[in-house]
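> Dropping the structure in here first, questions after.
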Amino acid sequence: MIRVQEEDFDLGAEVALLKEGRTDIGAIVAFLGTVRDRGGAVEEMTLEHYPAMTEAELARIEAEANARWPLQASLIIHRYGTLKPGDNIVLVATASEHRDAAFAAAEFLIDYLKTGAPFWKRESGPEGHRWVEADARDEGAYARWKTTKDAAE
Amino acid sequence: MIRVQEEDFDLGAEVALLKEGRTDIGAIVAFLGTVRDRGGAVEEMTLEHYPAMTEAELARIEAEANARWPLQASLIIHRYGTLKPGDNIVLVATASEHRDAAFAAAEFLIDYLKTGAPFWKRESGPEGHRWVEADARDEGAYARWKTTKDAAE
Amino acid sequence: MRLLYFAWVKEKTGVAAEEVELPPSVTTVGELMDWLKTRGPEFADAFARTDVVRAAIDQTHVRHDARLAGAYEIAFFPPVTGG
Amino acid sequence: MRLLYFAWVKEKTGVAAEEVELPPSVTTVGELMDWLKTRGPEFADAFARTDVVRAAIDQTHVRHDARLAGAYEIAFFPPVTGG
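Protein chains in written order, with this note's numbering: chain A, 1 to 153; chain B, 1001 to 1153; chain C, 2001 to 2083; chain D, 3001 to 3083.
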């Protein structure tokens, strides 16, 4: 399941929904991304996105995770709009029988999302605003899944 | 923080407590282990533990994770007593500036816990009861951290 | 053809979305960026370093050598920074 | 010396905890297990395969060659299955 929304989400409620009435899940991994203030440099973060593309891209990423690992459920929620330090940005959750699949799929989802989902962060602080630059580590994190996939093919 | 308890816990409330009032956390990873019914074979699971040792062992594991990764917070909650399919067993949560540390530390905590913390599961079902046997994969998962550590030394 | 701009590409061009008629010589995403640069200083600035500008055709990521034939909507934006 | 048994080791011995006086010849965890086996069929059964029985001295995991000198509490149990 994917959701792109301006309003906040509730981690506990979302995970409860994921496992509700199910007795075949052994492991749930949840990743929660939140706004850091970088020692006071960030007072506000604005997330812009490309609505028509965002949902398609997240759905594609989620489908790929489900093709790679035996998941009983998966969830991506990504917010847009203006956020404050400490606010939730993104939630990724995966449920599986065993923890190895749940962990791998959750890491895959957030790695892919960070390099493919059309969101852009703008940080505002006492020194003005700046668009966050893409982190080379995210490209590296993304690349390891490509390698895994290519090796398996 | 570690807790060993018979009563249930609330994932949302625990994670909220972990990040409460903090603006330096960028990533939280939560692992939730739950009782599977294995297609009806399990009606009840009883977790026995060695109280005097459990807390010491969990504290040792948590301290090691904090020594290896820059965590702003960590949490292990493990239940004991009699549980039903779908019930929560264990919660591991880690908070860090970046997701790589949060993911690695969470996986480390659950891997170590599964091979070191003195808990034993007994499953009861229509065919009687049995003590769950240790999973060789857990030893393998544990071993990879040893290798990482040895290689770094 | 519909063009969309996001994040600092949008800030620099000063345009979020527009409809354009392309000259027949423009057949790829890269050629489109080169053509856009000629439309004024804002566009020249936004596309000064085409290597860091990403593109999508009809909501799918594409490389700069992707062909425009049949496309309805082309979007230009910096490397994504969500998550 | 205090001995504790957990999970199926406890089920087989029928004992959760006991105080014992060890003969002086018993100086390691492994020797203690061999001695326990001689205390009756329940103990012989519980420790039939000593390789799968784990031990802790004073709440710390130890190997079977660990020495008992100075120990207050020895625990025997199967490989742990928590988490």
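Glycine included, every Cβ here is placed at the ideal spot set by N, Cα and C.
The structure displayed is predicted, hence computed values, not measured ones.
1) Judging by CA-CA distance, which residue of A/R144, A/E97, A/G128, A/T82 is the nearest neighbour of A/Y112?
2) Closer than 8 Å by C-beta to C/L2022: which residues in its own chain qualify, once you throw out the five before and the five after it? Chain order, please.
3) Would A/G116 pass as a contact of A/I28 if the rule is Cβ separation under 8 Å?
4) Distance check for C/V2009 and A/G81, CA to CA, integer angstroms please.
5) Does any C-beta atom of chain C lie closer than 8 Å to the C-beta of A/E48?
6) Going by CA-CA distance only, name the one from D/F3076, D/S3025, D/V3026, D/I3057 that's closest to D/F3043.
7) D/M3001 bridges to which residues according to DSSP?
8) Where do the N-terminal and C-terminal ends of the alpha helix (DSSP H) with B/G1116 fall, by residue?
9) Closer than 8 Å by C-beta to C/P2078: which residues in its own chain qualify, once you throw out the five before and the five after it? Chain order, please.
10) Candidates A/L18, A/R3, A/V42: which alpha carbon is nearest A/G86's?
11) Go ahead and label A/E6 buried or exposed: buried means 16 or more other beta carbons lie within 10 angstroms of its beta carbon, across all protein chains shown.
12) Can you give me the start and stop residues for the alpha helix (DSSP H) that C/W2008 sits inside?
13) Pick helix, strand or coil for A/W69, following the three-state DSSP scheme.
14) From B/L1017 to B/A1073, what does the alpha carbon distance come to, in whole angstroms?
15) Let me know the secondary structure DSSP gives D/D3058 once reduced to three states.
16) So the beta strand (DSSP E) D/D3076 belongs to, where does it begin and stop?
17) So which residues of chain B does A/A13 contact, with C-beta pairs closer than 8 Å?
18) For A/V92, which residues from the same chain have a beta carbon less than 6 Å from its beta carbon, with the 5 sequence-adjacent residues on both sides left out?
19) Which whole-angstrom value describes the C-beta separation of A/P118 and C/V2015, a residue pair presumed to lie in contact below a C-beta threshold of 8 Å?
20) Quick one: which chain C residues come within Cβ less than 8 Å of A/L91?
21) Can you give the beta carbon distance from B/D1010 to A/G12, rounded, assuming they're within the 8 Å contact cut?
22) Does the region 123–142 of chain A come within contact of the region 61–71 of chain A, defined as at least 3 CB pairs closer than 8 Å?
23) Can you tell me where the beta strand (DSSP E) holding A/A30 begins and where it ends?
24) Alpha carbon to alpha carbon, what distance is there between C/T2027 and C/D2058?
25) Quick one: what does DSSP say B/G1040 is sitting in, helix, strand or coil?
26) The region 3069–3081 of chain D: which residues have C-beta closer than 9 Å to a C-beta of chain B, in chain order?
27) Ordered along the chain, which non-local residues of its own chain (more than five positions away) have a Cβ less than 8 Å from that of B/K1019?
28) Would A/K138 and A/K121 qualify as a contact pair, given that the criterion is a beta-carbon distance under 8 Å?
29) Select from the region 14–26 of chain A all residues with a C-beta closer than 7 Å to any C-beta belonging to chain F, and list them in chain order.
30) What is the C-beta distance between D/V3020 and D/L3003, in whole angstroms, given that I count them as a contact (C-beta under 8 Å)?
31) Determine the direct distance from the alpha carbon of A/A136 to that of A/Y142, and round the result to whole angstroms.
32) Residues of the region 1032–1057 of chain B in Cβ contact with chain A at a cutoff of 7 Å, in chain order, please.
33) From the DSSP output, read off the bridge partner residues of B/W1120.
34) Which class does D/G3030 belong to by DSSP, given the choice of helix, strand or coil?
35) Measure the CB-CB distance between A/S124 and A/E57 and report whether it falls below 8 Å.
36) Look up B/L1091 in the DSSP assignment and say whether it is helix, strand or coil.
On the basis of the data shown:
1) A/R144
2) Excluding residues within five positions, the ones whose Cβ falls inside 8 Å are M2001, L2032, W2035, L2068.
3) no
4) 18 Å
5) Yes - at least one Cβ of chain C is within 8 Å of the one on A/E48.
6) D/F3076
7) Answer is none; D/M3001 lacks a bridge partner.
8) Where B/G1116 is concerned, the enclosing alpha helix (DSSP H) stretches over 1099–1116.
9) F2006, A2007, W2008, V2009, V2052, V2053, R2054
10) Taking only the C-alpha atoms, the option nearest A/G86 is A/V42.
11) Under this definition A/E6 is an exposed residue.
12) 2007–2013
13) In the structure shown, A/W69 sits in coil (DSSP, three-state: anything other than H, G, I, E or B).
14) 10 Å
15) coil
16) According to the sequence provided, residue 3076 of chain D is Phe. The question's Asp does not apply to it. Its beta strand (DSSP E) spans residues 3073–3077.
17) The contact set of A/A13 on chain B, defined by CB atoms closer than 8 Å, consists of G1012 in chain order.
18) Same-chain partners within the cutoff: F31, I76, A106, L109, I110.
19) Actually they are not in contact, since the Cβ atoms of A/P118 and C/V2015 sit about 17 Å apart, beyond 8 Å.
20) Within chain C, no residue comes near A/L91; the closest Cβ sits about 11 Å away, beyond 8 Å.
21) 6 Å
22) no
23) Its beta strand (DSSP E) spans residues 27–34.
24) 15 Å
25) helix
26) E3073, A3075, F3077, P3078, P3079, V3080, T3081
27) I1025, I1028, A1073, A1095
28) Going by the sequence as given, residue 138 of chain A is Asp instead of Lys. No, the Cβ-Cβ distance between A/D138 and A/K121 is not below 8 Å.
29) This model lacks chain F altogether, as its protein chains are A, B, C and D.
30) 6 Å
31) Between A/Y142 and A/A136, the C-alpha separation is close to 10 Å.
32) L1032, G1033, T1034, R1036, D1037
33) B/E1048
34) helix
35) In this structure, A/E57 does not lie closer than 8 Å to A/S124 by Cβ.
36) B/L1091 falls in the strand class under three-state DSSP.
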